[in-house]
Amino acid sequence: MRHDHVMPQLSAMLKRQCCLFSWSLWQGGLVLLDRRAENYVMAETVLDVRGLSCPLPVLRANRALRGMAAGDRLRVQATDRASVADFHAFCRETGHALVAWSEEGGVFSFVIRRRGDPFPSGSSTDRGEGQGTVSG
Numbered sequence: 014m015r016h017d018h019v020m021p022q023l024s025a026m027l028k029r030q031c032c033l034f035s036w037s038l039w040q041g042g043l044v045l046l047d048r049r050a051e052n053y054v055m056a057e058t059v060l061d062v063r064g065l066s067c068p069l070p071v072l073r074a075n076r077a078l079r080g081m082a083a084g085d086r087l088r089v090q091a092t093d094r095a096s097v098a099d100f101h102a103f104c105r106e107t108g109h110a111l112v113a114w115s116e117e118g119g120v121f122s123f124v125i126r127r128r129g130d131p132f133p134s135g136s137s138t139d140r141g142e143g144q145g146t147v148s149g
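Under the numbering used here, think of the first position of the sequence shown as 14, with each following residue one higher.
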């Protein structure tokens, strides 16, 4: 098997933004790789904005989300109590999904899933999944 041919093809497949993908590489009837979208793990980035006050936590999160791929998750850690209402409003207005949020020891943690692009105006496709407090 020639890796110089397989790796560029594999790399090109991974960059596609498909809803469902599956591929297999065969060598003499042996499956070398079989991956499906259901098992694909999206990236998660952590943004620490502890100590910053409104509106800086939301502004920094917005900047971070702009550089992320659709479906990727951003975990924001903040200490500003106003950030709870701010992140709910931010996600509602931008179409990003506030997947979960929690508070422990004065630190608020928000998990935001970046919306897909383009996002049709007025659509609620990517909004509201799992909003609320996550215990634990």
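All C-beta atoms in this analysis are idealised placements derived from N, C-alpha and C, irrespective of residue type, glycine included.
What you are looking at is a predicted structure, and each value in this text was computed from that prediction instead of being measured.
Looking only at 81, 69, 114, the smallest Cα-Cα distance to residue 128 is reached by 81.
DSSP, reduced to helix, strand and coil, places residue 126 within a strand of the structure shown. Scanning 83, 107, 91, 66 for the CA closest to the CA of residue 118 turns up 91. If you check the CB distance, residue 120 and residue 100 do not come in under 9 Å.
The C-beta separation of residue 87 from residue 60 comes to about 6 Å, placing the pair in contact by the 8 Å criterion. As far as DSSP is concerned, residue 78 takes part in no beta bridge.
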